[in-house]
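Residues 1 to 669 (UniProt numbering) are what the sequence shown spells out, left to right.
Glycine included, every Cβ here is placed at the ideal spot set by N, Cα and C.
Quick caveat, the model's predicted, so the values are computed rather than measured.
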Amino acid sequence: MSNKEVKAALKSARDAIRNKEYKEALKHCKAVLKQEKNNYNAWVFIGLAAAELEQPDQAKGAYKKAIELEPNLLLAWQGLANLYEKPNQTDVKEDLADVYQKLLELYKSGDKQKWCDVCNKLVELYHQEKKYLEVAETWQKLIQMKQEEGAEKAELHQLWKKMIQLLKDSTRNQDNKTEQLLLTAFQHALNSADTVPGEDHQNLYKDFIHYLSKFPHEAARLEKACNDMMALYPTTSYPLEVLCLHFVHSGALSEEALHCCSRLLEMDASSGPGIIGFGVKCLQEKKYKEAIKSLTEGLQKTNQCPVAWHYLAEAQVKIHKHRNAVLSCNKALEALGILEGCNLWWKNLALQLKAETLVRIGGADAAEEAIKALEQIVNASSGPVVSAIRGQAYLNKGLMDQASKISQELLLSHPDLAESHALEGYIHYSLKNYKQAERSFLNAVERKPKTAEYHQYLGLTYWFMSDETKKNKGKALTHFLKAAKLDSYLGSAFFYLGNYYRDIAGDKSRARGCYRKAFELDEMDEESGTAAVDLSVELGDMDTALSILNDVTEKASPGTAKWAWLHRGLYYLSNGQPSQAVADLQAALRADPKDSNCWETLGEAYLNRGSYSTALKSFRRASELNPGLMYSIYRAAALEQILGKYENAIATYQQILKTTENYLPALKG
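Next comes the structure, spelled out in structure tokens:
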């Protein structure tokens, strides 16, 4: 076949393809290849015809042969791109990306429009594969090409905005280079905006700040962007809100941070971030109740600040609301768990605080939960304070060997750590080894003299060690006073001060004040409440006694606060108010239906009211619960006599006399 015949065959092949006669085209091409096996056009036409005949492997082979022959000619690359773009082609995306890259190289010096079209296709392909760095770098080349061609500012602005849109999900990948390209796109988009200030520009600024806030290492850039936006849009609260949350997340609030929170609250008094910032400020100033109020309110208004839950838990721990603090720690962990790029440091802090708080609650179940929390802390084994908490949890769970092992290891590895000596003290105290406990707590106090808990335990050690140390003002009393001074919310310190003033010093008035303070701090502390009421009665101050009882009973839910209902019922009974006594004693029995003494007192109240039948039932119930209550049995017999049930009355009197022969009331009856 001569050159002329080859050209004619190729023309016939081209015409056959144009007429969709693909098999015919293949015949002409094969004829050419018999003569010229390296004919570029013949291989390209075979690729095209085979692709149309649904023979992709043959088509790919033909195109690759053509490319091998002439790697810098367009036709084969274009054909291969068309083949890979077909919907039935799978697992070829990487190959297609390589083809697009080559086409960009070939188009660069020629057809700029086709270069842009291929560039768009390549970016779309990378975006589908979530290859955000490649998306950013390729799109930046497109923008550079447009800049070189002298594109208008408005067109470039749209291209930068498109780049932002393409990269908006890339922050999940935590790739620093992609992140920097995204932030660069934002800055170019902001600088190329037509109307400044304007609504689009303002929204773009908000998005820029939003993305900056996701990157902890961009703190300086975030602060600058927020300040720049405030200068342009002084009535917009958004940059101030982001700044507030940024400062809260970074830890202690500086003067600048406090000023930012104040400005935000002046602009919008109901702003969640502003209220949270104020709450953190209160926490720093040790205004714990105000901190709890503000942090709770702020968290109801925004879910953008998981660390605020940690601050709330801290404040709750400070006032010994331990169960509430555990719930807040759980909220913090829940929020940090779903936060993108969450700060591991905060998560570890929340787990540690949760474990510490559970240890303070006490009991085996809380200890088990504390151990589980500690196991979730990353690198927990290397922290001596965490080890000390674990030791306390083992102690609370009754695992003395494990607790002692941790204690010994800590004393060897960290002899200067207060927590090492405190753990040893807790172990000795639980074993009633008070001399050894004294030495351990003195060592802990020496290293951390401002820890109320250590002084409290030292006071308790002296209280139970001996009568001498209990009565010695320089021992138990001194440390209880120190504990109360260091932590004015430590109810147990005030309770033992009450015990000291009542039992040792004989100062009922001061003791009553301490018990009352202890009870105000913890309304679940029945012992303190009862002591405060009893001392008020002894001091002839019934108004104070009733005031305490009224406060408790007003807040009490059904089936609770038995002690308060019982005390007030007894007061009403002794003061000739049997109807009120009946109501209160019934409430006391709802809390403890098996209290025989309470049933007996209720019978007395009914009797005083003249309700004989009900009184009889109450006395009978009391004697059923406690057959040794002779007074209840006698009262039941007397009431049966009053009600004319003489045979029953005689039988009951005889029953009493069998047990107690000379029981005068029964003989008389």
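Under the 10 Å beta carbon count, D416 is surrounded by fewer than 16 other beta carbons and is classified as exposed. Sequence-distant partners of D525 (beyond 5 residues in either direction) whose C-beta falls short of 8 Å from its own C-beta, in its chain, are G491, F495, A518 and F519.
Pairing S213 with L204 gives a Cβ-Cβ distance that is not under 7 Å. Annotation: T614 to L607 spans about 8 Å, alpha carbon to alpha carbon.
Annotation: the continuous alpha helix (DSSP H) that includes V135 extends over Y132 to E148. For H567 and I642, the gap between their C-alpha atoms comes out near 29 Å. CA-CA distance, I17 to A9, rounds to 12 Å.
Put simply, the backbone Cα of Q180 is about 12 Å away from that of F208.
Annotation for A403: G391, Y394, L395 and I427 place their beta carbon closer than 7 Å to its own, counting only its chain and skipping 5 residues before and after. At the C-beta level, T357 and A325 come within 7 Å of one another. Within the same chain, Cβ atoms closer than 6 Å to the Cβ of A13 are found at A25, H28, C29 and F45, the five residues on either side in sequence being excluded.
A direct Cα-to-Cα measurement between Q101 and L122 gives close to 8 Å. Collapsing the DSSP output to three states places N433 in coil.
In this model, M465 and Q456 are separated by some 14 Å (Cα to Cα).
In this structure, DSSP gives T90 a state outside helix and strand, which the three-state scheme calls coil. Of the residues assessed, G628 falls on the exposed side of the cut-off, its CB having fewer than 16 other CB atoms within 10 angstroms. Judged by beta-carbon spacing, W160 lies within the 7 Å limit of H188, meaning their Cβ atoms are closer than that value. In this structure, A564 places its C-beta atom within 7 Å of the C-beta atom of L549. At the C-beta level, L616 and L589 stay beyond 7 Å of one another. The C-alpha of L399 lies about 14 Å from the C-alpha of G362. In the three-state reduction of the DSSP assignment, S596 falls in the helix class.
Cα atoms of K450 and E424: separation of roughly 19 Å, rounded to the nearest angstrom. Within its own chain, the residues whose Cβ lies closer than 8 Å to the Cβ of L486, once the five positions on either side in sequence are excluded, are K450, T451, A452 and H455, listed in chain order.
The stretch 255-265 and the stretch 228-244 touch, with no fewer than 3 CB-CB distances between them shorter than 8 Å. The three-state secondary structure of F215, taken from DSSP, is coil.
In the structure shown, the three-state DSSP call for L412 is helix. Secondary structure at D541: coil, using DSSP grouped into helix, strand and coil. In its chain, beyond the 5 residues on either side, T236, P239 and L240 have a beta carbon closer than 8 Å to the beta carbon of M230. Across the set L125, K286, A219 and A42, the C-alpha of L125 shows the shortest separation from the C-alpha of D98. Rounded to the nearest angstrom, the Cβ distance from L299 to V280 is 12 Å, too far for a contact under 8 Å. Excluding its 5 nearest sequence neighbours in each direction, G529 has C-beta neighbours in its own chain below 6 Å: F519, listed in chain order. For K27, the enclosing alpha helix (DSSP H) starts and ends at Y22 to Q35. Residue range P578 to A591 is occupied by the alpha helix (DSSP H) that includes P578. In the three-state DSSP reduction, I292 falls in the helix class (H, G or I). In the DSSP assignment, G277 falls within the alpha helix (DSSP H) that extends over G272 to Q284.
For S254, no alpha helix (DSSP H) encloses it, and the DSSP letter there is neither H nor E.
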